[in-house]
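**Q** Mapping of the sequence shown onto UniProt numbering: position 391 corresponds to residue 391, and the numbering continues sequentially without gaps.
Even for Gly, the Cβ is constructed at its ideal location relative to N, Cα and C.
Take a look at this one; I'll ask things after.
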Amino acid sequence: MLSPMREQISLRLLSAGLAGALAVAEPGTLAQERSSGAARAPLNVVVAIADDWSWPHTGADGDPAARTPTYDRLAREGVRFTHAFTAAPSCTPSRAALLTGQAPHRLAEGAQLWSHLPSRFAVYPDLLEARGYLVGHTGKGWGPGSIEPGGRTRNPAGPRYASFPAFLATRTANVPFAYWFGSSDPHRPYEVASGARAGVDPARVRVPAFLPDTPEVRSDVADYLAEVERFDRDLGALVAALEGAGELDRTLLIVTSDNGMPFPGAKATLYDGGTRVPLVIRWPGVASAGHVSDAIVTLTDLAPTILKAAGLDVPVDMTGLNLRPVLEGRSGEAERDMAFLERERHANVRAGDLSYPSRAARSREYLYVRNFRPDRWPAGDPVLHHSVGPFGDIDDGPSKQLLMREGTAFAAFRTHAMAKRPAEELYVVAADPGQLHNVAQDPAHAPTLRRLRDRLATWMSTTGDPRATSDDDRYDRYPYYGPPLAVPPRVPAR
C-alpha cells in the first residue's frame with residue numbers, strides 16, 4: 001500500500017459531500033447565470049499544487065510509467081507548458097513567490113524554508129477577497145513556516161477548510177471563489193516498493209539522467225510515481241466536484257508543483273530536476289485547448305495572471321508576467337527568453353544554520369548557476385547536523401542511501417549531488433539534460449558564459465536582489481522555525 005498522506009485530505013469524499021455543499025445556493029441560481037451569459041459571470045480560480053513533482057513526470061509529457069489521466073485531460077482542454085520553472089526549489093519560498101507574484105529575494109524572511117512571510121507582501125488570495133471573492137485552502141498552503149511572526153493571522157493561501165465541499169458550503173450564491181488545494185504528494189517518505197504494489201512497473205520507469213540506473217533507484221522512482229498518481233486521483237475528484245457544481249467552465253484551473261522531485265540532484269538545487277515543474281492551465285474561452293507551449297514561464301507569473309483574469313490591477317511590486325497572451329497563443333510567448341532562479345537556506349543543515357546562496361539563469365539552451373558561497377556544502381554538511389542528517393538538503397530515501405553507501409561506484413552522481421561546487425556552472429541542456437558536465441571553464445563557451453553572467457547580474461540588480469551589490473548574508477540571520485526548534489524564537493528587531 002502507499003504511504004499514508006502527511007495530512008488527511010478528504011477530496012476523495014467530494015461526491016458524497018457535494019449535495020450538501022450546493023444546498024446553500026438559491027434554487028435556479030446556476031441556471032440563471034447560464035441564461036444571462038457565463039462570460040459575464042465572475043471567474044472562479046482554483047490552484048492545485050503538488051509537493052515535490054518534477055517535469056516531465058506526467059502521461060501528457062511522455063513519461064511511460066506515469067499514470068496521470070486527470071492532468072492529461074486538463075492538458076487536452078487547456079494549455080500545457082514544457083518550460084515552466086519554480087522561482088525557488090524549496091517549498092516555502094516557492095509558494096511565497098507563487099502567492100505574491102514576486103521573486104523570493106524580494107520577500108525578506110519569505111525567501112527561506114521554515115521562516116515567515118511578512119504581511120507587507122500582498123498575496124493574491126487577500127487581493128481577491130477584498131474584491132468580494134470567497135477564498136480558502138485545503139491541505140498544504142504556504143509553508144512550512146510560522147504565520148504569526150509575519151504579522152498575519154492566517155495562512156497566506158487563505159482560511160483553512162477540511163475539504164472542498166466544506167469550503168463550498170460557506171459560499172453564498174453567485175459569489176466567485178478562489179480555492180487552493182495543496183497536496184502532500186509526492187513528498188517523501190515513501191514505503192519501499194509501494195510503487196510496484198500500486199501497479200507502477202519499475203521496468204517502465206525512465207530514470208532521470210542525474211541518477212544511476214539501478215534496481216534500487218528504479219523502485220524508488222516507482223514509489224514516487226505512485227504518489228504522483230495519487231495526487232492525480234485527488235485532482236480528478238476536485239475536477240468532478242467542479243463539474244458537479246456547474247462551475248468547471250467558469251473556473252480558471254491551474255495545476256503545478258512547488259518544486260522538483262525529492263531525489264539527489266533535484267529538489268533544493270537549481271538544476272532542472274529541482275526547478276522544472278509540470279504546469280497546465282485550463283481557462284475556458286481563453287486558453288487554446290490542447291496547445292503545448294514552450295514559452296519560458298515561472299510560477300511568479302501565476303498571481304498576475306489570476307488577478308488580471310479576475311479584473312484586478314496587478315500591483316507594481318509583482319515581478320511576474322500576465323500569461324494570458326501565451327494562453328491565447330499570441331506573441332506573449334516571446335516576452336521572456338530565460339527564467340531566473342534562486343535559493344538561499346533550505347533546511348538547517350549547516351553549522352550556524354547557514355544558507356547556500358545561489359542564483360541561476362535558464363534559457364532554452366543553457367543553464368548558468370552562480371554560487372556565492374562555494375566554500376559551503378550545497379547539500380548540507382556531510383556530518384549529522386541537528387535532526388536532518390548528513391547532506392540534509394537531500395531528502396532521505398533509497399536513492400540517497402545508495403549514493404552515500406556506494407559513492408565510488410557512482411562517483412559522478414554523488415559528486416553532482418553532494419560535492420562542493422565552483423563559483424560558476426554552465427550546462428548545455430540539450431546535450432546534458434542531467435546537468436552533470438560543467439563547461440564553465442571551456443573556452444568554446446566563454447561568450448555564452450559572459451552573456452548569461454551579465455543577464456543574471458542585470459536581473460538581480462533590477463529586481464533589488466540584496467546579493468547584487470554586496471556580500472549580504474542577511475538570509476543567514478533570518479529565523480528558522482523548523483525542527484528541532486520547538487518554539488519560534490523572537491524575531492530580532494531590524
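Would you call A16 buried or exposed, if buried means 16 or more other Cβ atoms sit within 10 Å of its Cβ?
**A** Translated into the one-based positions of the sequence shown, residue 16 becomes position 16. With a pLDDT of 39 at A16, under the threshold of 50, the modelled position of this residue cannot be trusted; read the value that follows with caution. Label assigned to A16: exposed.
**Q** Is the distance from the Cβ of P104 to the Cβ of A111 below 7 Å?
**A** Along the sequence shown, read from residue 1 onward, the residue named residue 104 stands at position 104. Along the sequence shown, read from residue 1 onward, the residue named residue 111 stands at position 111. Their beta carbons are under 7 Å apart, which means P104 touches A111 by this criterion.
**Q** With L107 as the anchor, note down where its beta strand (DSSP E) starts and where it stops.
**A** Within the sequence shown, the letter at position 107 stands for residue 107. It is not in any beta strand (DSSP E) - L107 carries neither H nor E in the DSSP assignment.
**Q** Which residue wins for smallest C-alpha separation from M460, given the options K140, R359, P284, F372?
**A** Numbered from its first residue, the sequence shown carries residue 460 at position 460. The shortest C-alpha separation from M460 is found at R359.
**Q** Expressed to the nearest angstrom, what Euclidean distance is found between the alpha-carbon atoms of D476 and L312?
**A** As a first step, residue 476 must be located in the sequence shown, where it is residue number 476. As a first step, residue 312 must be located in the sequence shown, where it is residue number 312. Rounded to the nearest angstrom, the two C-alpha atoms are 36 Å apart.
**Q** Quick one, are the C-beta atoms of A84 and V326 less than 7 Å apart?
**A** Start at 1 with the first residue of the sequence shown, and residue 84 comes out as number 84. Start at 1 with the first residue of the sequence shown, and residue 326 comes out as number 326. In this structure, V326 does not lie closer than 7 Å to A84 by Cβ.
**Q** Spatial neighbours of G407 within its chain, please: CB distance less than 7 Å, with the 5 preceding and 5 following residues excluded, ordered by chain position.
**A** Taking the sequence shown and counting its residues from 1, one reaches residue 407 at position 407. Answer for G407: R414, listed in chain order.
**Q** Suppose only complete runs of 3+ residues qualify. What are the beta strand (DSSP E) ranges in the stretch 337-392, listed by chain order?
**A** List check, beta strand (DSSP E) in window: 338-343, 358-363, 366-371.
**Q** Verify whether the separation of the beta carbon atoms of T256 and V277 is less than 7 Å.
**A** Reading the sequence shown from its first residue, position 256 is the one you call residue 256. Reading the sequence shown from its first residue, position 277 is the one you call residue 277. It is a contact, given that the beta carbons lie within the stated cut-off.
**Q** Quick check on the DSSP output: what are the complete alpha helix (DSSP H) runs of length 4 or more inside the stretch 396-452, in order along the chain?
**A** 398-405, 411-418, all fully within the stretch 396-452.
**Q** Output yes or no for whether 7 Å exceeds the beta carbon distance between residue 495 and G150.
**A** For residue 495 there is no data in the structure shown, the boundaries of the chain being 1 and 494.
**Q** Between the C-alpha atoms of R206 and A130, what's the straight-line distance to the nearest angstrom?
**A** By 1-based counting over the sequence shown, the position of residue 206 is 206. By 1-based counting over the sequence shown, the position of residue 130 is 130. Distance between the alpha carbons of R206 and A130: 46 Å.
**Q** Classify A23: buried if its beta carbon has 16 or more other beta carbons within 10 angstroms, exposed otherwise.
**A** Within the sequence shown, numbered from 1, the residue matching residue 23 stands at position 23. Caution applies to A23, whose pLDDT of 35 falls short of 50 and renders its modelled position unreliable; the value that the coordinates give is listed next. Looking at its Cβ environment, which holds fewer than 16 other Cβ atoms inside 10 Å, A23 is exposed.
**Q** In the DSSP output, what is R171 paired with across the bridge?
**A** For the purposes of this step, residue 171 is taken as residue 171 along the sequence shown, with counting starting at 1. According to DSSP, R171 bridges with nothing at all.
**Q** What are the partner residues of T214, as DSSP defines its beta bridges?
**A** Position 214 of the sequence shown, counted from the first residue, corresponds to residue 214. According to DSSP, T214 bridges with nothing at all.
**Q** For a test of the three-state rule: what should DSSP assign to W180, helix, strand or coil?
**A** Within the sequence shown, the letter at position 180 stands for residue 180. Three-state result, W180: strand.
**Q** Quick one: any contact between the stretch 58-71 and the stretch 278-291, if contact means 3 or more CB pairs under 8 Å?
**A** With the cut-off at 8 Å, the stretch 58-71 and the stretch 278-291 touch.
**Q** Just how far apart, CA to CA, sit A268 and L341?
**A** Your numbering for residue 268 matches position 268 in the sequence shown. Your numbering for residue 341 matches position 341 in the sequence shown. Those two C-alpha atoms are separated by around 11 Å.
**Q** How many Å lie between L43 and P186 at the Cα?
**A** Counting from one through the sequence shown, the residue named residue 43 turns up at place 43. Counting from one through the sequence shown, the residue named residue 186 turns up at place 186. Each residue's alpha carbon lies about 30 Å from the other.
**Q** Do the CB positions of residue 572 and G139 come within less than 7 Å of each other?
**A** The structure shown does not extend to residue 572, since the chain spans only 1 to 494, so no value can be given for it.
**Q** Unbroken alpha helix (DSSP H) runs of length 4 or more, entirely within the stretch 119-173: which are they?
**A** Whole alpha helix (DSSP H) segments, 4+ residues: 124-130, 164-168.
**Q** I'd like the ranges of any beta strand (DSSP E) spanning at least 3 consecutive residues and lying wholly in the UniProt domain "Sulfatase N-terminal" (172-311).
**A** Fully enclosed beta strand (DSSP E) runs of 3 or longer: 177-182, 251-257, 279-282, 291-298.
**Q** Pull the bridge partners of S115 from the DSSP assignment, please.
**A** Counted from its first residue, the sequence shown places residue 115 at position 115. Answer is G145.
**Q** If you run the structure through DSSP and keep just helix, strand and coil, what is G482?
**A** The residue you call residue 482 lines up with position 482 of the sequence shown. Note: G482 maps to coil in three-state DSSP.
**Q** I need the straight-line Cα distance from R197 to D317, nearest angstrom please.
**A** Reading the sequence shown from its first residue, position 197 is the one you call residue 197. Reading the sequence shown from its first residue, position 317 is the one you call residue 317. Cα to Cα, R197 sits roughly 48 Å from D317.
**Q** Buried or exposed: A31, going by 16 or more other Cβ atoms within 10 Å of its Cβ?
**A** Here residue 31 refers to the residue found at position 31 when the sequence shown is read from its first residue. Note on A31: pLDDT 31, under 50, position unreliable in the model; the coordinate value appears next. Classification of A31: exposed, given that the 10 Å Cβ count is below 16.
**Q** Please classify A96: does DSSP put it in a helix, a strand, or coil?
**A** The residue given as residue 96 occupies position 96 in the sequence shown. Of the three classes helix, strand and coil, the one that applies to A96 here is helix, per DSSP.
**Q** Could you work out which residue in L307, S146, L127 is closest to Y481 when comparing CA atoms only?
**A** Taking the sequence shown and counting its residues from 1, the one referred to as residue 481 is at position 481. That would be S146, whose Cα lies nearest to the Cα of Y481.
**Q** Give me the Cα-Cα distance between A209 and Y478, rounded to the nearest whole angstrom.
**A** Within the sequence shown, residue 209 is the residue found at index 209, counting from 1. Within the sequence shown, residue 478 is the residue found at index 478, counting from 1. For A209 and Y478, the distance between alpha carbons rounds to 35 Å.
**Q** Rounded to the nearest angstrom, what separates D63 and T469 at their Cα positions?
**A** Along the sequence shown, read from residue 1 onward, the residue named residue 63 stands at position 63. Along the sequence shown, read from residue 1 onward, the residue named residue 469 stands at position 469. Between D63 and T469, the C-alpha separation is close to 42 Å.
**Q** May I ask you to report which of helix, strand or coil DSSP gives R67?
**A** Position 67 of the sequence shown, counting from 1, holds the residue named residue 67. It is coil, neither helix nor strand.
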